[in-house]
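> Right, I'll just put the structure down here and ask away after.
What follows is the structure, given as structure tokens:
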């Protein structure tokens, strides 16, 4: 069915998404705009027998080409030409929000202005004359309360009425003063005369963008008609020179001044009235007095983050265990159903263990996302960024980098997958990239069993101290490497920290649930499919090629002999004794198989190099497996030390085995812990990194992090060997 | 009665009120500042500083904004008398 296309647009924190959720309910579709990580949210509904397809544009403050969000919003409007824009504004901050409204009108798209948060207006004792505002702006104006649904029927009615009307696009013609206007007219005349890009953009809007020195439009102009573009640019250059000399200003600044001037003058005509006694100290100000206080602010923040972790890992543990049980039950059932052999091994050890391992993390991720969504929606996240910015900026990062680091394991036990995803809140591309590349250094929950194993073998008396040092090392490395990257590969000015501190608000349940579900589903979908492929690959690498048949036959021969001996043994003791020998035999056999597999051979091949850092071939195999998932390290070490299956939570026997192995000592243990902490992110993380940045950067992280880890481990091991 | 005193935002104390006289930031940063409503003639009030004195939080046009000190340096203001 063909319907009308409606775009919801507005500043961040205007309640746009809440209104969108309220209007479309669960009938939403979330995707990404091609090539970038800005979410594309669409929903539809039928109202008065009319199908409305609603697109929720990313929140933005302006229609410049400053951020991806702004660029997307503007390109969608120009290229998809929705029938109308529902511009959602926070009615209590009308003056600033109307700045974007004016830009929609300059573009010419039909606008339906929706003043949201009318309840706040009433609570503050303010009043807004909607009719006068509508008259002044020349567009319909409605009042809503998105959280309660107040004004929703009227809004839908108006949308349908406006969409049916099919108003033509008409650019608002504002005056930008005596210096700008003549040049603007001149530009418009030239553009119209040559029909320059007029198929895509309205001529007056195009001229304004030239005056505003808009990179994106300038590039398109040069491509379309280089000669004409140069002429237009020259005209603008002349004006810019004039403005700088006589007014000490820029054309774009003057245009902005006139826009604000227009809004200010409009609102002064009795449209907004304030209560006589202004009660300035509102709840948000009072809360900020404590929550961003010099001393209490950071203290409360640490406490809150710690609490968040406790909740996630205490609550998340139960469903995690249930899922683990479920997958091991599934594994057993399938083992019983399928005949012994490669198929069974592939399905059970490859697919079910691999994919199950990833899916078991879903409950943790859901809980983590719910809490992040809560902190974001209530306005606290912006305060965290505000408080931490000074420290993080020193290292070329941004105040908002704190969250991704912490979630990735900044307080030991996180996970880099949601951590990398949380970097989405960073709107500055360079800082975001540096954050994503360094967040996997944090000690995530899957690395911890490895640390516990090695600490148990060599430093059992210093457990808390070593765990604490590991966390500190991770933070130091993340910050230093970020600094290094920001002054080499991701060099560039830090993005301005012009950020709104939104008022504290109680988030809506619907908003939080939709928000966290979207992110979780993406994790399940994308990570799930790739992990399936990787699991199969890893299984192949650790299974093939098989040892020569003569060796396998020799093992079988021994087994048959032992079984016969067991059957004919006279005493119970002898039978138990032979049983032990049988177990040892199968362990030896699996070790031989592992040694001859591709992964095993690679491990042995790498030994001459890895010995610089103190790793033998058994460790190498475990570390190679750990690239798929860090959980694999301990269990693979178990196999490599011919212990068969070793549960990751009770590696006692493995601890003894490693402690006695002459290849291991305290120095190599420290070296190994350092390596595990810092080397390649696990595959799920790499996939998520690729999606948030690009495959190039994800592969870079794979090699770069491993190189950093290996260099440091080698330095530590070599120094240690000489000292002790 | 307001006493004119030209200053940059960095020199203001918490609770000080002022009027923006000029914004001299070029390029991207200037655009960003203007998009958020920091244009000449706007009245601002410093409402707080982060625990490490930077960034600074200010109120204008009914909302709260944070800026780093080195960005705030581009914004010149006329400080108002505390009594006003």
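Protein chains in written order, with the working numbering: chain A, 1 to 724; chain B, 1001 to 1084. The C-beta atom is built at its ideal place from N, Cα and C for all residues, glycine as well. As the structure is a computational prediction, the values presented were derived from the model and not from experiment.
Within 7 Å (strictly less), CB to CB, does residue 1056 of chain B reach chain A?
Residue 1056 of chain B does not count as touching chain A.
> With a threshold of 7 Å between beta carbons, is residue 93 of chain A in contact with chain B?
yes
> I want to verify the contact list: residues of chain A whose CB lies under 9 Å from the CB of residue 1021 of chain B, in sequence order.
Result: empty, since nearest Cβ-Cβ is about 11 Å, beyond 9 Å.
> Could you give the DSSP three-state label for residue 62 of chain A: helix, strand or coil?
Residue 62 of chain A: coil per DSSP, three-state reduction.
> Quick check: residue 578 of chain A and residue 599 of chain A, are their CB atoms within less than 7 Å of each other?
no
> On a CA-only basis, which of A:48, A:513, A:575 is nearest residue 366 of chain A? Give me that one, please.
Checking every option, the nearest Cα to that of residue 366 of chain A belongs to A:513.
> Less than 7 Å between the C-beta atoms of residue 454 of chain A and residue 669 of chain A, yes or no?
yes
> Nearest-angstrom Cα distance between residue 423 of chain A and residue 684 of chain A?
16 Å
> By the criterion of Cβ-Cβ separation under 8 Å, what are the contact partners of residue 1071 of chain B in chain A?
Scanning chain A for C-beta atoms nearer than 8 Å to the C-beta of residue 1071 of chain B yields 496, 497, 498, reported in chain order.
> Residues of chain A with CB closer than 7 Å to the CB of residue 1018 of chain B, please, in chain order.
The contacting residues do not exist; residue 1018 of chain B stays about 16 Å from chain A at best.
> I'd like to confirm the pairing. Which residues does DSSP put opposite residue 668 of chain A in its beta bridges?
Looking at the DSSP assignment, residue 668 of chain A forms no beta bridge with any residue, so it has no partner.
> Excluding the 5 residues flanking residue 258 of chain A on each side, which residues of the same chain have their C-beta closer than 8 Å to its C-beta?
174, 175, 176, 177, 180
> Is there a Cβ from chain B that is less than 7 Å from the Cβ of residue 96 of chain A?
Output row for residue 96 of chain A: interface = yes.
> Between which two residues does the alpha helix (DSSP H) holding residue 50 of chain A run?
From DSSP, residue 50 of chain A is part of no alpha helix (DSSP H) but of the beta strand (DSSP E) over 50-56.
> What residue range does the alpha helix (DSSP H) around residue 290 of chain A cover?
283-291
> Is residue 275 of chain A close to chain B? Criterion is C-beta to C-beta, closer than 7 Å.
no
> Mapping DSSP to helix, strand and coil, what is residue 692 of chain A?
DSSP, read as helix, strand or coil, puts residue 692 of chain A in helix.
> Hey, is residue 1032 of chain B's beta-carbon within less than 7 Å of any beta-carbon in chain A?
yes
> Which partner residues does residue 5 of chain A have in the DSSP bridge list?
A:53
> Less than 7 Å between the C-beta atoms of residue 65 of chain A and residue 214 of chain A, yes or no?
Cβ distance < 7 Å, so residue 65 of chain A and residue 214 of chain A count as in contact.
> Taking the beta carbon of residue 96 of chain A as the centre, do at least 16 other beta carbons fall within 10 Å, making it buried, or is it exposed?
buried
> Heavy atom of the ligand NAD less than 6 Å from the Cβ of residue 454 of chain A, yes or no?
With respect to the ligand NAD, the structure offers nothing, as it holds no ligand at all.
> Return the CA-CA distance between residue 645 of chain A and residue 590 of chain A, expressed in angstroms with no decimal places.
With a pLDDT of 45 at residue 645 of chain A, under the threshold of 50, the predicted position of this residue should be treated as unreliable, though the coordinate-derived value follows. When rounded, the distance between both Cα atoms is 11 Å.
> Give the DSSP-derived three-state secondary structure of residue 415 of chain A in the structure shown.
coil
> Does the distance from the CB of residue 562 of chain A to the CB of residue 581 of chain A come in under 7 Å?
The Cβ-Cβ distance between residue 562 of chain A and residue 581 of chain A falls below 7 Å.
> Need the endpoints of the alpha helix (DSSP H) that residue 1035 of chain B sits in, please.
From DSSP, the alpha helix (DSSP H) with residue 1035 of chain B extends over 1027-1035.
> Can you tell me which residues form a DSSP beta bridge with residue 657 of chain A?
For residue 657 of chain A, which the question treats as bridged, DSSP gives no partner whatsoever.
> Cβ closer than 9 Å: which chain A residues qualify as neighbours of residue 1044 of chain B?
Within chain A, no residue comes near residue 1044 of chain B; the closest Cβ sits about 13 Å away, beyond 9 Å.
> At a Cβ cut of 9 Å, what residues of the segment 416-448 of chain A count as close to chain B, listed as they run along the chain?
none
> Name the chain B residues that come within less than 7 Å of residue 62 of chain A, Cβ to Cβ?
1035
> Over the uninterrupted alpha helix (DSSP H) stretch that includes residue 221 of chain A, give me the two end residues.
215-224
> By a C-beta neighbour count over all protein chains shown, 10 Å radius and 16 as the cutoff for buried, is residue 705 of chain A buried or exposed?
buried
> Starting from residue 47 of chain A and walking both ways along the alpha helix (DSSP H), at which residues does that stretch end?
No alpha helix (DSSP H) contains residue 47 of chain A, which is instead part of the beta strand (DSSP E) from 39-47.
> Using Cβ-Cβ distances below 9 Å, what residues of the segment 283-310 of chain A are close to chain B?
284, 285, 288, 289, 292, 293, 294, 295, 297, 298
> Counting pairs of Cβ atoms below 8 Å between the segment 382-397 of chain A and the segment 309-324 of chain A, do you hit three or more?
no
> At the level of alpha carbons, what is the spacing between residue 290 of chain A and residue 301 of chain A?
11 Å
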